[in-house]
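Protein chains in written order, with the working numbering: chain P, 1 to 413; chain X, 1 to 413. Cβ atoms here follow ideal geometry from the backbone N, Cα and C, with glycine treated the same way. This one's a predicted model, so the numbers in the text were calculated from it and none came from an experiment. Quick notes on the structure that follows.
There are 2 protein chains.
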Amino acid sequence: MPPTMEALFAERTKWMKASDVRELLKYATDPKIISFGGGLPSPDSFPLKDLKVIFDELLHEETAAAFQYGLTQGDPKLRTALAARMGARGIEASADRTIVTHGSQQAIELMGRVLVEPGDVVITEEPTYLGIFTALATYRPTYHGVPIDSEGLLTDVLEEDLQEMSDQGIRPKFIYVVPTFQNPAGTTMSQRRRRALVDLAAAYGVPIVEDDPYYDLRFEGEAEAPLASYDEEGWVVYLGSFSKVLAPGFRIGWAHGAPDLVNKMSLAKQGVDVFTNAFGQRVAERYLTLGMLDEHLPRIRALYGRKRDVMMAAMEEQFPDGVEWTRPQGGMFLWVSVRPGLDTRDLLPKAAERGVIYVPGHGFFPGTPKVNHMRLNFSFPGEGEIRRGIRILGSVLADEGRPRKGPLAVARG
Amino acid sequence: MPPTMEALFAERTKWMKASDVRELLKYATDPKIISFGGGLPSPDSFPLKDLKVIFDELLHEETAAAFQYGLTQGDPKLRTALAARMGARGIEASADRTIVTHGSQQAIELMGRVLVEPGDVVITEEPTYLGIFTALATYRPTYHGVPIDSEGLLTDVLEEDLQEMSDQGIRPKFIYVVPTFQNPAGTTMSQRRRRALVDLAAAYGVPIVEDDPYYDLRFEGEAEAPLASYDEEGWVVYLGSFSKVLAPGFRIGWAHGAPDLVNKMSLAKQGVDVFTNAFGQRVAERYLTLGMLDEHLPRIRALYGRKRDVMMAAMEEQFPDGVEWTRPQGGMFLWVSVRPGLDTRDLLPKAAERGVIYVPGHGFFPGTPKVNHMRLNFSFPGEGEIRRGIRILGSVLADEGRPRKGPLAVARG
Chain P
1 MPPTMEALFA ERTKWMKASD VRELLKYATD PKIISFGGGL PSPDSFPLKD LKVIFDELLH
61 EETAAAFQYG LTQGDPKLRT ALAARMGARG IEASADRTIV THGSQQAIEL MGRVLVEPGD
121 VVITEEPTYL GIFTALATYR PTYHGVPIDS EGLLTDVLEE DLQEMSDQGI RPKFIYVVPT
181 FQNPAGTTMS QRRRRALVDL AAAYGVPIVE DDPYYDLRFE GEAEAPLASY DEEGWVVYLG
241 SFSKVLAPGF RIGWAHGAPD LVNKMSLAKQ GVDVFTNAFG QRVAERYLTL GMLDEHLPRI
301 RALYGRKRDV MMAAMEEQFP DGVEWTRPQG GMFLWVSVRP GLDTRDLLPK AAERGVIYVP
361 GHGFFPGTPK VNHMRLNFSF PGEGEIRRGI RILGSVLADE GRPRKGPLAV ARG
Chain X
1 MPPTMEALFA ERTKWMKASD VRELLKYATD PKIISFGGGL PSPDSFPLKD LKVIFDELLH
61 EETAAAFQYG LTQGDPKLRT ALAARMGARG IEASADRTIV THGSQQAIEL MGRVLVEPGD
121 VVITEEPTYL GIFTALATYR PTYHGVPIDS EGLLTDVLEE DLQEMSDQGI RPKFIYVVPT
181 FQNPAGTTMS QRRRRALVDL AAAYGVPIVE DDPYYDLRFE GEAEAPLASY DEEGWVVYLG
241 SFSKVLAPGF RIGWAHGAPD LVNKMSLAKQ GVDVFTNAFG QRVAERYLTL GMLDEHLPRI
301 RALYGRKRDV MMAAMEEQFP DGVEWTRPQG GMFLWVSVRP GLDTRDLLPK AAERGVIYVP
361 GHGFFPGTPK VNHMRLNFSF PGEGEIRRGI RILGSVLADE GRPRKGPLAV ARG
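The following block contains the structure:
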């Protein structure tokens, strides 16, 4: 038998699979489908006029820093601007402890690379952002989920779990949370819980990865200070991103944390891709330093706030009894719970056939999934699409809600 | 004792270290130092006028494809343009079997991720591009080096080695080569050896990673067809890059290979960074499709050809007897051999003190390093700098060549 390529694949390659969300993007490119899936910002939010000003400036910079190779840790000017930005959020930050990454996803991957051995425990919210599962797949952690409610992570439950693990000699490698406008649930962790979480991290010596891409997208209520602002002992690694407030196409994220850790992440990144595209970094730095971001934010907030309102009003009107949803004060997502027993993954092809898609909740659970949830994105679709899409989804849910006769159900199977 | 962060580091983190070249970049930012280190293209080679045209166009594209999230495998238009480009090099290529990466380094990393388990054998040239060592560090292969001469990899030696491994039941995971204007040696593999190498890969079922970033930078002689153009069974993975012919700052590379492998690389990339910055991809596609690259190449070739000539002439004049060097017909590097017994790593601080740096050859060897080599880059420094730098290096080499009296040497130590 001739030698095959497959026989050469590493063990870890057998564990690779596409995330539910990425698979959905295939539908999303069909212009006839209304997509509540994906996590795309609105193209209307891209600051094209600002970008024109920035591009012209970068083409005339003496140093051509935008086009040459750069340092692995990231453009020093951008890191300085990021430290100031984090400072304004109450974080004691420095450029030295900041690393620029090719999107936040890479920062999570680097955390896994530096810390996680197969079988190590990583704690997540339940549900959690599903990108963590693909980011860490190579390092094969054991996930431990802690439920959330409208105030975010249940820190009492976490404390019990940490104590139990500690009794067994288990020290988790990190706790991954999206405390503000959580992906997928849209909830925001209360100040009380934030303080409790940071205290627990210090008490048990477990780093927190605070993924905070939506911080600037609050369209209602008072800002909650990041976990990192309560962190006195350096256990919080803070992740930020330009994907939701500038544009995803430049792929610029960052991480800030303890010097040892950032140094190791930087060494790891050297092997991974040497440095993050310099052009995107210079664009991000100019966008920050010239004050364009702060000028632009009210527009994005107003845009997304209106879209959320349209979606909430439409759901109120169109969804059948027994369906519940969260009410986010910012961000891009909300979380819908349909009646127990209904499986949103089974529902998806029916919804897609009628022209609307969403992300079934299954993929967001670190352990056994709860099957009666879905994540809806309100930032990408237009207001008219949101109304039409929710009407369709409401009718799909209403059909499923009706008791059916056995034979008919089989015939429709 | 309070819990420490270090105690959480994974085993693999202890193996991470900076490459010699990246460390040198620190010197390279000092404008007073003449750098023959690094692998930077000349800023004079950046097509700023073309970029202005492209940027304006991308800001007016209907789809805003340049700014939104994109597919993990890469922009379909760019992949189509790349397939055509590879076709013109004699490769039977398709967009489906092409993946866009965040620089070629990421393509090597993804190959490691998909194929390499700790202890697996990876074959390289000796010397080889040292980025492979950091790219694969996490996967901890065993390297097996095969020497090169002025015709490139010694395929006779490789055949013996492959047979010996095969007898022992060892199937290497891949053979990594830079056949054209090799980094670091500047040599180009002959057609005879190319055919032999591809035949060996097929006979032993071992993939070849053909890293070909300098293909378009030939300023003398006839083009050699890529290994991939001789590949009938799909064992060659072909890597290309825009870093040397457009600008490194966009960080756009690509890989082309067997469908199974590209599919797995794509799945792996999803976890690593989701997709390569869309803006850079659109810039690269426009640069190709509008014919700007082909219009621009003669200028880069002339620029680098002149610089090589200046360096060769200066070495001829300034270097003491017993020093030898390669004569590249393209690319960015040449390889200098000083007298046996002299260690170029010891020499470096002395050269740096007088204002010139280079990369000691040590880091390019997969096994025990030969210590009397250095890599010189001629693409980045200006012609005047090349003359001055070579004069300094010549005087450093001449000083070292002289027999010294014991006490004096100690006093200088």
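Residues near residue i by beta carbon distance below 7 angstroms, same chain, minus five either side
| i | result |
| --- | --- |
| L342 (chain P) | N372, E400 |
| E159 (chain P) | L200 |
| M374 (chain P) | V336, T344, Y358, V359, P360, G361 |
| A135 (chain P) | Q105, I108, E109, G112 |
| L297 (chain X) | D216, V245 |
| K77 (chain X) | E285 |
Neighbouring residues, chain A, relative to residue i (Cβ below 9 angstroms)
| i | result |
| --- | --- |
| P43 (chain P) | Within the model displayed, chain A is absent; protein chains P and X are what it includes. |
Exposure of residue i, with buried meaning 16 or more beta-carbon neighbours within 10 Å
| i | result |
| --- | --- |
| P407 (chain X) | Any reading at P407 (chain X) must be qualified, since the residue scores a pLDDT of 43, below 50, and its modelled position is unreliable; the value itself is stated next. Exposed, by the Cβ-count rule. |
| P147 (chain P) | exposed |
| R412 (chain P) | Interpretation of R412 (chain P) is limited by its pLDDT of 35, a score under 50 that renders its predicted location unreliable; the figure taken from the coordinates is listed afterwards. Looking at its Cβ environment, which holds fewer than 16 other Cβ atoms inside 10 Å, R412 (chain P) is exposed. |
| W254 (chain X) | buried |
| K264 (chain P) | buried |
| D149 (chain P) | exposed |
| P479 (chain X) | Any answer about residue 479 (chain X) is impossible in this case: the structure gives chain X only from 1 up to 413. |
| P2 (chain P) | exposed |
| R299 (chain X) | exposed |
| A278 (chain P) | buried |
| E285 (chain X) | buried |
| K307 (chain X) | buried |
| L397 (chain X) | buried |
| K14 (chain X) | exposed |
| I132 (chain P) | buried |
| L293 (chain P) | buried |
Beta-carbon contacts of residue i that lie in its chain and below 6 angstroms, excluding the five residues immediately before and after
| i | result |
| --- | --- |
| G87 (chain P) | A93 |
| T155 (chain P) | R193, A196, L197 |
| F275 (chain P) | G70, T72 |
| R89 (chain X) | P226 |
Per-residue DSSP class, three states only, for residue i
| i | result |
| --- | --- |
| L246 (chain P) | coil |
| P407 (chain P) | Its pLDDT being 42, under 50, P407 (chain P) is placed unreliably in this model, and the coordinates cannot settle the point. |
| V206 (chain P) | coil |
| E164 (chain P) | helix |
| P147 (chain P) | strand |
| E57 (chain P) | helix |
| L154 (chain X) | coil |
| E220 (chain X) | coil |
| F174 (chain X) | strand |
| S94 (chain P) | coil |
| G87 (chain X) | helix |
| D199 (chain P) | helix |
| F36 (chain X) | coil |
| V121 (chain X) | strand |
| V116 (chain P) | coil |
| S42 (chain X) | coil |
| S490 (chain X) | Any property of residue 490 (chain X) remains undetermined from this structure, which presents chain X solely from 1 to 413. |
| L334 (chain P) | strand |
| T134 (chain X) | helix |
| D75 (chain P) | coil |
| T414 (chain X) | Summary: the structure shown does not reach residue 414 (chain X), with chain X confined to residues 1 through 413, and so no result is reported for it. |
| V100 (chain X) | strand |
| T128 (chain X) | coil |
Cβ-based neighbour list, residue i, same chain, cut-off 8 angstroms, excluding 5 preceding and 5 following
| i | result |
| --- | --- |
| I392 (chain X) | I34, A351, R354, G355, V356 |
| V114 (chain X) | L261, K264, M265, A268 |
The ligand FMN heavy atom lying under 7 angstroms from the CB of residue i
| i | result |
| --- | --- |
| R345 (chain X) | As far as ligands go, the structure on display features none, and thus does not contain the ligand FMN. |
**Report entry** Start-end ranges of the alpha helix (DSSP H) lying completely within the segment 341-386 of chain P, minimum 4 residues
**Finding:** 344-353, all fully within the segment 341-386 of chain P.
Query raised in the report: Is there contact between the segment 119-132 of chain P and the segment 357-366 of chain P, where contact requires at least three CB pairs shorter than 8 angstroms?
Result: yes
Query raised in the report: Which full runs of the alpha helix (DSSP H) of 4+ residues lie inside the segment 234-310 of chain P, going along the chain?
Result: 259-273, 278-289
Query raised in the report: Between the segment 302-320 of chain X and the segment 376-386 of chain X, are three or more C-beta pairs nearer than 8 angstroms?
Result: yes
Requested in this report: Pair every Cβ in the segment 72-90 of chain P with every Cβ in the segment 48-57 of chain P, then say whether three or more of these pairs are closer than 8 angstroms.
Outcome: no
Query raised in the report: Is the segment 268-275 of chain X touching the segment 177-189 of chain X in the sense that three or more CB pairs, one from each, lie closer than 8 angstroms?
Result: no
Query raised in the report: Counting pairs of beta carbons, one from the segment 238-254 of chain X and one from the segment 232-249 of chain P, are three or more of them closer than 8 angstroms?
Result: No contact exists between the segment 238-254 of chain X and the segment 232-249 of chain P.
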